[in-house]
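Chains as they are written, first to last, in my numbering: chain A, 469 to 1143; chain B, 36 to 604.
If you want it as structure tokens, here you go:
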């Protein structure tokens, strides 16, 4: 999906239109802070009209400007929300194009087929999709294998393989079969499909407030009521001091004190957070999951594919006495020529790198790997070559030549195992000639990443089916905090439950059906889009790129979302100090001139002081829109370091900035002659 | 301030620090129900009381049940006192022959003592019989203090418990608090006060001829026993109208020092107990340091402006501008300022000088202290649960900035907790500002005022702040013994007490149910300088900003008027 810059004109225009539409009280009432501002705007507008009718030009000029800026305050907040929504809507438009009505070939129970529109398909129906056709709805492949173009959803043009059974059986409606033919059992009813949910999600239509957002809203509403009390009671207090306070000034004070900055930007921050996930091709099933991502304490990572590059590779040959490394390489390569597994190919590649060209002479008899012999190799004439685990090769040597394994080979096997590698012994004509070292290759840069994660206070745990020895070595190399070796699916589930019982939040990524229970149990379960339907149902986020390491980015996005919320709340509350110093002396300028000592900004006149504070209050919202949409800069660090920085920038900055801002605005409006 | 003042101040803070840990450990043991050195003596008594009251000490109450029992207990106590006051002229122990008390005064007084406020619209020596003082009022000095401590203890339990339904047993907390904490401390304390020359008798008032030959009636009574709990339980209701400025209520410099210390002692120990119970002593001390910094700041400001006095004095030919109006020469500027700050940091309300006569900024400090809802050590119990509501706000607002949903000591702070905290904040502001607005508009309110304009407003504001904050001190010159003042103040006291307590018990109940998340590198730190700074920031931003317009009109306006040399009649 395309990354759109913040100030994309194509997005701004509709956002401005939406900002006006959102002035409807029915929309505003959902946001108590801005609703109060809107009522205030309406009240000052009435007082403006009143001033006009009674011919009080000076007062009308003032109340008119105040009411104008109050309306702007509401509009700016609406605009921020509309901008955030607009970005999602643009993405939803792209997705909708994939949700076209298609024709499906329905397969009846008796084997006959008939054509039906895709909208008539129900859960449990079975359809046949051939090359060139669009898959009509979400489902599971129950027969056949095909390459599928999923670019409509993932934006990734390389086709993916979908086949029955196993962990790559799920298909998504709207994607296209490029080759072959598959039989698909439909798993969703119309309107509930993955694509539908995805569209709703990015559009923000089903966006529900997250728990923390609700709590923050309660805080903001509470503060609004408290400041409402402070302002409303000021009227009788002022009357006691023989001061008349105009409605426009009271409303101005109120609007300046209530947390409009965060109140106006809160929903934009939430929408933008979801949007950042979508831009990384991750789809969260709920906003709650994004918040939970920020809280993660433990990351469970599968070794294969996440920490290591999927497959083991040959990295070294150990010769037995009387042989050279090259000789071992050649024999090993010949034994592996017919072995098409990635491991086998890596042996040939390594040998080629050493300058050894191995060729299979015609008439060679290939001995494939079987579970029984646990060896593979070739017989060329009377030469027989084998490679395999130590025990199997030992047996073969014993039976063919009554030989034994030389001690240096045994030693090499030990060394390799200790380093976390897998030793394969190579033997020729009943004699062990050397050992191949197969190793898991840890992904480059993964160690640094884990260090960053550790700095955030998160524990990383590697899950692997390997034995203890191998797991220890890889864990040390990758720099994870802990590992679970010889892990079975139920072990994973138990591990997650144990951590949760300790009060920790666990995230994991997975794709297979056997991952489903663990995914469902974890607080954040990231499912690969290539995963099975069961896994996709169990998790609460889906990665369309099927990159398990993305879970790390998701945690960062979650944290960034929460930090942005907290920082702007702090900023908003800290702003109040300066506004008091602007407005309070202004209110009592006539009756209690002594209070002028509080006018430390040296604002020109009472009217310009109030107006400047209101203008600052409105403009700060629009100034902070990019920050709300992009999120506060986040560096993986310990909590106290992050806190220190943000308190300094948004807390202390929040106290100081408005003093400067209001003063500047005061100078400008006096120069222009607005008051 | 003189160097002597600084030495005394340092001594005061040092002594407070010294008693905090041992008393905190002792109280933690008492409320855990574990053995203390007094158990052999008191455990049988405790068991006997449970049997008489029919209390099952092993019952663990949910917050709702705890609250209902607390409310019923307080309501009965309030009704009992009302009855005694209304009937005192028929009851014994009335040697001075005190007459009938009006319904509104009796209601105000009953509410006042039930809520640990001890606002007195009357002067004790000319209104109350000995029976009224001892039975009707003093018993509240114990129970209201114990109720406050119980709520704090229940809240600490709620925070420290893991996935629990209950927050303790109200009756057990209440009875243990009396038996193991308040009574033993008060007995020792009262004996000490008597040693300092405080009176303790049931004699009739004495008529004497003074050196100038004037006739004077000197009031007598069981003073020491009442003063002990008045200070320890942060009640503050004086036996005499002059309160701790009266020689019988505060005979020596040492008694003055110890009285101030005793106001803070239980509040301070509770903070330590919090740290101990949540197994995070550093957090407990961080809260303690926050309180201490705010306390020291308040004292320095008040003393500074009292020493500074009114510049007009020097123009009138006074040798020093220092403000001695309304102060006992025995205590002087510093000990008066210190006492005023202590008594309003805590919700005590005892006074050894007249706050009304302080300079505007000197009087601003006590007023602000109460407006912050008395969380600087605070009223016994109420100080801690008030502070905890600020801590929850701090954790909630600033906690987000570390990139996690907010949590306090491993417990998630969610909508429910914030709702309760905000509810109590709104009620607090509503009670102070709403009543003050009413009082400053209603002729019935204005009738009680002796000063016009700003200072008159300060008096009104101070009265409702004091009542809502359950402090009980007053700016003199407000005749509050009228139906309007007695009734509105009684309601302010009621709101300020129970509408703060019950939400915090609800918070306790909600927190008790939660899982505890173990802290680490990634969690919000609740100790250290940054936390202390943040907590102070929230207290000042959220607490003080609410009242800034009102303060600006009262003491702040007065201050600048004074500097400009304006005079008022």
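From the three backbone atoms N, C-alpha and C, an ideal C-beta is built for every residue, glycine too.
With contacts defined by Cβ atoms closer than 7 Å, residue 902/A and residue 787/A form a contacting pair. About 17 Å separates the CB atoms of residue 857/A and residue 814/A; that is not less than 8 Å, and the two are not in contact. Excluding its 5 nearest sequence neighbours in each direction, residue 416/B has C-beta neighbours in its own chain below 6 Å: 183, 184, 186 and 187, listed in chain order. By the Cβ neighbour-count rule, residue 729/A is buried, with 16 or more other Cβ atoms within 10 Å of its own.
Residue pairing from DSSP places residue 786/A in a beta bridge opposite 903/A. For the region 1095-1121 of chain A, the beta-carbon criterion of a distance under 8 Å to any beta-carbon of chain B is satisfied by 1102, 1106, 1107, 1108, 1110, 1111, 1112, 1114, 1115, 1118 and 1119. Closest in C-alpha terms to residue 609/A, from the list 853/A, 909/A and 595/A, comes 595/A. Taking 7 Å as the CB threshold, residue 343/B stays off the interface with chain A. Here residue 553/A is buried: its Cβ has 16 or more other Cβ atoms, across all protein chains shown, within 10 Å. The Cβ atoms of residue 1028/A and residue 1102/A sit closer than 7 Å to each other. Restricted to the region 368-407 of chain B, the alpha helix (DSSP H) segments that are unbroken, complete and at least 4 residues in length are 395-406, listed in chain order. Shown in chain order are the members of the region 558-586 of chain B whose Cβ falls below 8 Å from a Cβ of chain A: 558, 559, 560, 563, 565, 568, 569, 572, 576, 577, 580, 581, 582, 583, 584 and 585. Closer than 7 Å to the CB of residue 991/A there is not a single CB belonging to chain B. Sequence-distant Cβ neighbours of residue 598/B in its own chain, meaning closer than 8 Å and more than five residues away, are 346. Contact annotation: in the region 1017-1049 of chain A, residues whose CB is within less than 8 Å of a CB in chain B are 1026, 1027, 1028, 1030, 1031, 1033, 1034, 1035, 1037, 1038, 1041, 1042, 1044, 1045 and 1048. Beta-bridge partners assigned by DSSP to residue 751/A: 1010/A. With a contact defined as Cβ atoms closer than 8 Å, residue 306/B and residue 425/B miss out at about 13 Å. Nearest Cα to residue 529/B within the set 412/B, 441/B and 500/B: 500/B. A distance below 7 Å separates the beta carbons of residue 197/B and residue 551/B. In the DSSP assignment, residue 177/B falls outside any beta strand (DSSP E) and lies within the alpha helix (DSSP H) extending over 174-195. Only 449, 450, 453, 454, 457, 460, 461, 464 and 465 from the region 447-466 of chain B bring a Cβ to less than 7 Å from some Cβ of chain A. When DSSP states are grouped into helix, strand and coil, residue 442/B belongs to the strand group.
Looking at 484/A, 634/A and 1065/A, the one whose alpha-carbon comes closest to that of residue 596/B is 1065/A. If you check the CB distance, residue 932/A and residue 953/A come in under 7 Å. Legend: CB atoms of the region 417-443 of chain B lying less than 8 Å from CB atoms of chain A belong to residues 428, 431, 432, 433, 434, 435, 436, 437, 438, 439, 440 and 441.
Assignment of residue 837/A by DSSP, reduced to helix, strand and coil, places it in the coil class.
Distance from the CA atom of residue 107/B to the CA atom of residue 355/B, rounded to whole angstroms, is 55 Å. Counting only runs of at least 4 residues, the region 1101-1128 of chain A fully encloses the following alpha helix (DSSP H) elements, listed from N- to C-terminal order: 1107-1114. One thing to note: residue 148/B has its Cβ no nearer than 7 Å to the Cβ of residue 120/B. Interface criterion not met: the Cβ of residue 546/B is under 7 Å from no Cβ in chain A. Of all C-beta pairs linking the region 430-439 of chain B to the region 201-218 of chain B, fewer than three are shorter than 8 Å, placing the two stretches out of contact. In the structure shown, residue 770/A adopts extended strand secondary structure according to DSSP, grouped into three states.
Within 10 angstroms of the beta-carbon of residue 594/B lie 16 or more other beta-carbons, which makes it buried. When 298/B, 302/B and 367/B are compared, the shortest CA-CA separation from residue 280/B is found for 367/B. By the criterion of a C-beta distance shorter than 8 Å, residue 250/B is surrounded in its chain by 242, 243 and 244, once the five residues flanking it on both sides are discounted. Using beta-carbon distances, residue 470/B does not count as an interface residue toward chain A, since no partner is under 7 Å.
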